[in-house]
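One structure is given here, and the rest of the page talks about it.
Number of protein chains: 2
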Amino acid sequence: MHQHDGPLARLRQGHETLVLDLLRRHGPLTRAGLGTHTGLSRTTLYDIVGGLVTAGAVVTAPPEATARRRGRPVETLSLNPAAGLAIGIDFARRAVHVAAVNVAHEVVGSASEQHPAGLSWDRRIALARRLVGTLAGGSLRLDPVTGIGAGLVGPVGLPALGGPGPAADPGPWEAAGTAEAVRDRLAEAFGVPVHVDNNTRLAALAESVWGAATGSRDVLYLRLSHGVGGGLVVGGALHGGAHGLSGELGHITVDPAGGPCDCGGRGCLETVASVGAVLDAYRAAGGRAADIAGFTAAARDGDAVAAGVLRAVGSQVGGVLAAVCNAVGPGVVVVGGELAEAGDLLLGPVRETLSARVLPLARSLLDLRRAALGEYGGALGGIALVLHASPLLAHYPARPEPGPRPQERPGARLQDHQPHDRTEPEESP
Amino acid sequence: MHQHDGPLARLRQGHETLVLDLLRRHGPLTRAGLGTHTGLSRTTLYDIVGGLVTAGAVVTAPPEATARRRGRPVETLSLNPAAGLAIGIDFARRAVHVAAVNVAHEVVGSASEQHPAGLSWDRRIALARRLVGTLAGGSLRLDPVTGIGAGLVGPVGLPALGGPGPAADPGPWEAAGTAEAVRDRLAEAFGVPVHVDNNTRLAALAESVWGAATGSRDVLYLRLSHGVGGGLVVGGALHGGAHGLSGELGHITVDPAGGPCDCGGRGCLETVASVGAVLDAYRAAGGRAADIAGFTAAARDGDAVAAGVLRAVGSQVGGVLAAVCNAVGPGVVVVGGELAEAGDLLLGPVRETLSARVLPLARSLLDLRRAALGEYGGALGGIALVLHASPLLAHYPARPEPGPRPQERPGARLQDHQPHDRTEPEESP
C-alpha cells in the first residue's frame, strides 16, 4: 500500500471517503446532489465517481420517473451492496479463525479450525483459504473483497533485528519480520490488500468496536490466556506504538526478584497470571484440575483453594492495570482470555487492587468489564482494521468524529460469538 | 468552539486547511491554481478563499506582469505574514510563562514572572495579559491572534465530581472544573479562542514538537519536579485519556506499603522521586543542601551520598517507565524537571532499570533523553495545542502525515529556552 501514501493519493482517498460517506448516510444521490453536498467540482466528482464505479464500490441505478427533469433521465448513484467485503483472519498458536462482513457491516459468516502447534505458514494460509471458502455457504466471491485484516502471535511492526545477543532472540514469538512475510503471502494468496497486526491487539480493537467496550474511544484490554498480552485503543484507533511493541502488559514486572519469563525477563505478570502459572499455583496448593476449564469450574463451585489463587492473581493483575490506567487514562478496562471465565472470582480482586492504586480522583470513573467476543475477537479485530484503512468500508469513525450510531453496528449478528464454556484450551495469544 | 463541531463545519475546515496548506507549501497561487490543486469547484473555492481573506489569514497580492493572460490581471493569494499568531501561557504554581509564534512559526517572544503561591485567578490572568503585552517589544497586536493554549496545574477535562468522599477531594490540585472556568475567563480577557490542558502534558507535547523528542510521534515524558507528572504523545497528538487523567506517572505505585501521597494514595512514585522527597532522603543520609540546585551541584561535584540517593530514585523511576513503555511502546522517553539537571547521575540508573525491565525485544530500541525546553515547555506546548486545533496555523501534521520538515520548525529560535542552572526552584507541575 505504500504507493498510496502520497499527498495526492490521500487527497483522492479523502474525496472517495466523502462520496461514499454521503451515499451511506443519505442513500442514493444524483451526481448533481453529490456535487452540492461535497463542494467538489464537476470534473473532480466525475473522476472520483468513475473510479468508484470501476472499482465496484458504487453502482448506477436506473433513473426514476420522479427524477426526470426537462425530459432528461437523471442517473442516481448508490453503494454496491455486493461490494466491500472485509475478511478477518486470526492465526492463533493452534487454530485459525476467520470472519467476514459485507459493505453494510453485517457478519456474512465465521469459521474456525484447530491445528497442531508449529504448523507451517504454507499450511496455515491454505487452511485460512479453505475456511474463507466455507463462509456464506461457500458462495463467498473473493473479487469484491476490499481487504483482509490478519492477526498474528508476537510483535508486528518491529524492525528485523540483526546481530547476536538477547535482542536477536525472539523467544517464544514468531521471528521479527514474520508479519511482513505473512502479509505478502496472504496478499498473493487472496489477491487483495492485507493489513496485519498482533492478534491480541486486534482483539482489543474488536472489543472497542463490537464488544464489551463498544462506544468507548479509549480502551485498555488485557488477555489472560496461555500467554498474557494486551492492547490499547486510543482515540478510537488501535495503538501500535513506535516499534510495534505496545500492549505488552504480560511483561510488566510484578516482582523484580521473581522467576524467569519466556520473554527473557524476570518476574513478569505472565509468570504469575498465565493459564499455566495459575494451574501450577493451584496444584502446588493441593488443587486438582486437568485444565483451565476444570480450574474455573472448581472455583465457581466454591473451591476455596481455587478462589485463593484467583485472589492472588487478581491482585497482581489489578496492580499492573492501575499503573497503566494512571499513565493512559482509559475509559473502559476489558479483561479477556480463559481466566476471565472465572468472572467476579477474578474480576473482584482485580477491581479491588485497581481501585486502591489508581489515582483517587479517577476511582469513581473506573469501568472494568469482562471481554465479550471470545475466540473470534482477533478475526473481528482484523475486520475492524480493514474498516479503518479502507474508505470503501470506513463507517468506523475517523478521529474527530463521534462513535458510530448503534444501529449501524453488526452487534446483533455477533451474538453467536459471546463467550461460552469450552473444553478445549483457547489458542491465543 | 462547540458550534464548529458539525460535519459541515468540519468539511469547511477541511477545505480551509487544504487551501492554507497549499499556500504554505507552494507559496503564492492564483485562484485557478488553487482550483487545479484542490479539486474544489469554483463556487466552493471562492467561498472558502473569501472567508480566509475576511479572517485575515490570506492576503491578495497585486497581479504580477508575468501572470497576466490575455491582458487580464490575475490576482495571487498568499498567507498573511501578519496573521496567525498563537500564544502559549503556562500557569504554573508560582509563575506565569508566556510565549508567542507567528504564522511562520517563528517565536515572536517569551516572558516569565514569578508570583506567590495561591495568587487569585483574577491576578494571574491579569499578569498573563501584562506579560503578553511585553512580547515583541510591546508591539504585539491581539486582533490577529488565532488562539491561546494555556497550561494549568492539575486535571483538565475531568467532569466536576459531586458528593462527599475522597473522590470529591482534589487534594493538592486545582478543583475539577477549574480548567473550564479558566478557559472561559481567558477567552473573555483576550477575545480569542482558548484551549487548555494540563501544563505537564503540554510540556510533553512541546518536547515532541520542538524539544528533545523532535520528530518522534510517540513520546513518553516524565517531569521530576516539586510534583511528579508526565504526558504521552501518541501518533503525534497529545493523549488526554478518556477523563483527562492520563500521564499521572507520579501516582503509579512503587511500594504498596510505602508512605502516604498527597493524592490520597500510598507509595506513589511522587513520594520517592519529587524534589521534596529527594531532599528529605539526602538530608536523612547526612547530606546538606539548601535546595535542589544545591543538591544537584553537590552530586555533580562527586558527593557520594547525593549520588546514592539519585541511584535509588533512578531505579524507581526506571521501573515505572519500564511498565509504561511495555504498555505504550514510545519511540522516545524524555525526563525533565529539576531532578533531570543531575544528568547521567540520575539518567544512568534510570536507563539501567528501564533496560532491565522493558521487554527484551525492545531493549535495543530504547531512547531515553533529557528534556530540552526547560521552564518554557508548558507555554510552548500551549502553542502546539493551538497549532493542532487551528487550520490557520496547522503545519503541525495531521495524523497520517509524516512529521514536519526540520526547516519548518522554529528550533533555532528556541535555543534560548535550553535548560540552564537556576537558583530558584521551578514552579510546575
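In order, the protein sequence lines correspond to chains P and V. Each position in the first sequence, counted from 1, maps to that position plus 9 in the working numbering. Each position in the second sequence, counted from 1, maps to that position plus 9 in the working numbering. Where is the CB? At the ideal position from N, CA and C, for every residue including glycine. Since this is a predicted model, take the numbers as computed values, not measurements.
Looking only at its chain, what residues have a beta carbon closer than 7 Å to the beta carbon of residue i, apart from the 5 residues adjacent to it on each side?
{"i": "P:L27", "result": "T47"}
{"i": "V:A298", "result": "L288, Y291, F304 and A307"}
{"i": "V:L319", "result": "A308, A351, L354, L355 and P358"}
{"i": "P:A120", "result": "V107, L140, T143 and L144"}
{"i": "P:G328", "result": "V263, T362 and R366"}
{"i": "P:L195", "result": "I134, I157, A159 and V203"}
{"i": "P:E122", "result": "A104, V105, L136 and L140"}
With 16 as the cutoff for other CB atoms within 10 Å, does residue i come out buried or exposed?
{"i": "P:Q325", "result": "buried"}
{"i": "P:P339", "result": "buried"}
{"i": "P:H24", "result": "buried"}
{"i": "V:A215", "result": "buried"}
{"i": "P:A315", "result": "buried"}
{"i": "P:D206", "result": "buried"}
{"i": "V:H397", "result": "buried"}
{"i": "V:G200", "result": "exposed"}
{"i": "V:R210", "result": "buried"}
{"i": "V:H35", "result": "exposed"}
{"i": "P:D430", "result": "Any reading at P:D430 needs caution, since the residue's pLDDT is 33, under 50, leaving its predicted position unreliable; the model's value is listed next. Exposed is the call here."}
{"i": "V:E279", "result": "buried"}
{"i": "V:D312", "result": "buried"}
{"i": "P:P175", "result": "Caution is warranted here: a pLDDT of 35 is assigned to P:P175, below 50, making its placement in the model unreliable, and no coordinate value can be reported."}
{"i": "P:E439", "result": "The question about residue 439 of chain P has no answer, for chain P in this structure spans 10 to 438."}
{"i": "V:A126", "result": "exposed"}
{"i": "P:S129", "result": "exposed"}
{"i": "P:P164", "result": "buried"}
{"i": "V:T53", "result": "buried"}
{"i": "P:A70", "result": "exposed"}
{"i": "V:A246", "result": "buried"}
{"i": "V:A266", "result": "exposed"}
{"i": "V:T155", "result": "buried"}
{"i": "P:R51", "result": "exposed"}
Could you pull the DSSP bridge partners for residue i from this structure?
{"i": "V:G160", "result": "V:D99 and V:D206"}
{"i": "V:C277", "result": "V:T262"}
{"i": "V:S119", "result": "V:A108"}
{"i": "V:R379", "result": "V:V344"}
{"i": "V:P269", "result": "V:R275"}
{"i": "P:V242", "result": "P:V228 and P:L247"}
{"i": "V:V237", "result": "V:L233"}
{"i": "P:L94", "result": "P:V154"}
{"i": "V:L88", "result": "V:V67"}
Quick one: what's got a C-beta closer than 8 Å to residue i's C-beta in the same chain, skipping five residues either side?
{"i": "V:V58", "result": "V28, R40, L43, V67 and L86"}
{"i": "V:F100", "result": "R133, A137, A159, G160, L161, V162, V191 and N208"}
{"i": "V:S283", "result": "L233, S234, H235, G236, V237 and G259"}
{"i": "P:A222", "result": "E216, V228, Y230, V242, G340, V341, V343 and R378"}
{"i": "V:G296", "result": "F304, A307, D312, V314, A315 and V318"}
{"i": "P:R387", "result": "Here the sequence assigns Gly to residue 387 of chain P, which means Arg is not the residue at that position. Excluding positions up to five away in sequence, the list reads G97, D99, A101, H106, G160, N208, T209, L211, A212, A215 and S437."}
{"i": "V:Y55", "result": "R40"}
Quick one: what's got a C-beta closer than 6 Å to residue i's C-beta in the same chain, skipping five residues either side?
{"i": "P:D376", "result": "V341"}
{"i": "P:A294", "result": "V314"}
{"i": "V:A331", "result": "L363, R366 and V367"}
{"i": "P:T187", "result": "none"}
{"i": "V:G268", "result": "T280"}
{"i": "P:R372", "result": "S364"}
{"i": "P:G346", "result": "R232, L233 and S234"}
{"i": "V:R21", "result": "none"}
{"i": "V:R360", "result": "L377"}
{"i": "P:G220", "result": "A381 and L382"}
Q: Enumerate, from N- to C-terminal direction, the unbroken beta strand (DSSP E) stretches of 3 or more residues contained entirely within the region 39-69 of chain P.
A: none
Mind the definition here: the region 359-378 of chain V touches the region 266-274 of chain P only if three or more C-beta pairs lie below 8 Å; say whether that holds.
yes
For the region 377-386 of chain V against the region 253-273 of chain V, do three or more pairs of beta-carbon atoms, one drawn from each stretch, fall closer than 8 Å, so that the two count as touching? no
Just by C-beta distance, which residues in the region 259-290 of chain V are closer than 8 Å to chain A? Among the chains of the structure shown, chain A does not appear; the protein chains present are P and V.
Next item on the list: List in chain order: all unbroken alpha helix (DSSP H) runs of 4+ residues lying wholly within the region 287-355 of chain P.
Entry: 301-309 and 313-337
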